[in-house]
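Peer 1: Residue numbers (our numbering): 2 to 245.
This is the structure in structure tokens:
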């Protein structure tokens with residue numbers, strides 16, 4: 002049985018995929034666990050899909066999920082988690098912004114009593130490099146989420162998370178966002194539904210070639226916070242009925 006499924010969401014990141022997948026695979030090999038890597042290739046217009054298929058042919062435990070049209074980060078992850086064979090599942094950003102030495106921590110923690118494990122750039126023991134404007138926007142966003150959605154998490158959007166598979170599939174039945182807000186929505190739902198979450202500090206360095214549109218995506222994320230706030234109580238009741 003596969004212990005851990007690692008999803009790599011990819012959209013027009015051929016250079017990162019070609020360089021970093023072998024590095025990620027070597028890290029997982031050293032951990033001595035049964036694992037699979039799922040490349041969630043999401044409507045790329047560069048060579049990402051071609052490179053992903055080459056890796057799939059080369060490595061028996063590398064699988065590719067391809068979408069001709071752009072699904073969005075959230076929907077691409079939902080689809081990959083549903084298809085995963087692992088008891089536990091996770092994802093990391095293909096640019097390796099988070100130091101891969103934390104991969105061992107991520108897998109060990111999710112293999113314990115936690116339902117969700119979250120890498121955090123904003124805990125006390127941290128080392129984060131990013132531009133001033135992105136840092137301010139990120140800190141403000143996370144502060145607003147904690148106030149409006151009553152979250153206890155410090156960093157909702159770090160691309161370094163793991164889940165018990167049954168937990169994330171249950172949460173995704175209630176998740177409505179298919180794009181960048183998915184991470185925050187999932188953590189807000191998980192807290193509202195009383196799942197057990199562990200946040201741990203990671204070293205992180207900003208990728209200067211990020212595909213995030215800083216203005217457009219920031220405005221979108223802010224509006225989603227308040228939309229979720231209006232629905233959260235109803236979603237909690239629906240989840241409780243779903244559990245019965």
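Positions of the beta carbon are idealized from the N, C-alpha and C atoms, including for glycine.
None of these values were measured; they are calculated from a predicted model.
In whole angstroms, give me the CA-to-CA distance for residue 19 and residue 61.
Peer 2: 17 Å
Peer 1: So residue 84 and residue 39 are in contact, right, with Cβ under 8 Å, and what is the actual spacing, rounded?
Peer 2: 7 Å
Peer 1: Counting pairs of beta carbons, one from the segment 185-193 and one from the segment 122-141, are three or more of them closer than 8 Å?
Peer 2: These segments do not touch.
Peer 1: What's the gap between the Cα of residue 175 and the Cα of residue 239?
Peer 2: 9 Å
Peer 1: Whose C-alpha, out of 234, 183, 187 and 165, is nearest the C-alpha of residue 221?
Peer 2: 183
Peer 1: On the criterion of 16 or more Cβ atoms from any shown chain inside 10 Å, does residue 224 qualify as buried, or is it exposed?
Peer 2: exposed
Peer 1: Going by DSSP, what residue range makes up the alpha helix (DSSP H) through residue 92?
Peer 2: Premise fails: residue 92 lies in the beta strand (DSSP E), 89-93, not in any alpha helix (DSSP H).
Peer 1: Answer with buried or exposed for residue 58, where buried requires no fewer than 16 other C-beta atoms within 10 angstroms of its C-beta.
Peer 2: exposed
Peer 1: Note down the Cα distance separating residue 171 from residue 49, rounded to an integer number of angstroms.
Peer 2: 30 Å
Peer 1: Keeping to the same chain, check which residues put their C-beta closer than 7 Å to that of residue 169; ignore five residues upstream and five downstream.
Peer 2: 82 and 90
Peer 1: Give the secondary structure of residue 75 by DSSP, where H, G and I count as helix, E and B as strand, and everything else as coil.
Peer 2: helix
Peer 1: Report back the beta-carbon spacing between residue 71 and residue 33 to the nearest angstrom; my notes put them in contact at under 8 Å.
Peer 2: About 37 Å separates the two Cβ atoms, so there is no contact after all.
Peer 1: With 16 other CB atoms within 10 Å as the buried threshold, where does residue 144 fall?
Peer 2: exposed
Peer 1: My assumption, with CB atoms under 8 Å, is that residue 161 sits in contact with residue 107. Please give the rounded CB distance.
Peer 2: 7 Å
Peer 1: Could you check the C-alpha separation between residue 150 and residue 55 for me, to the nearest Å?
Peer 2: 43 Å
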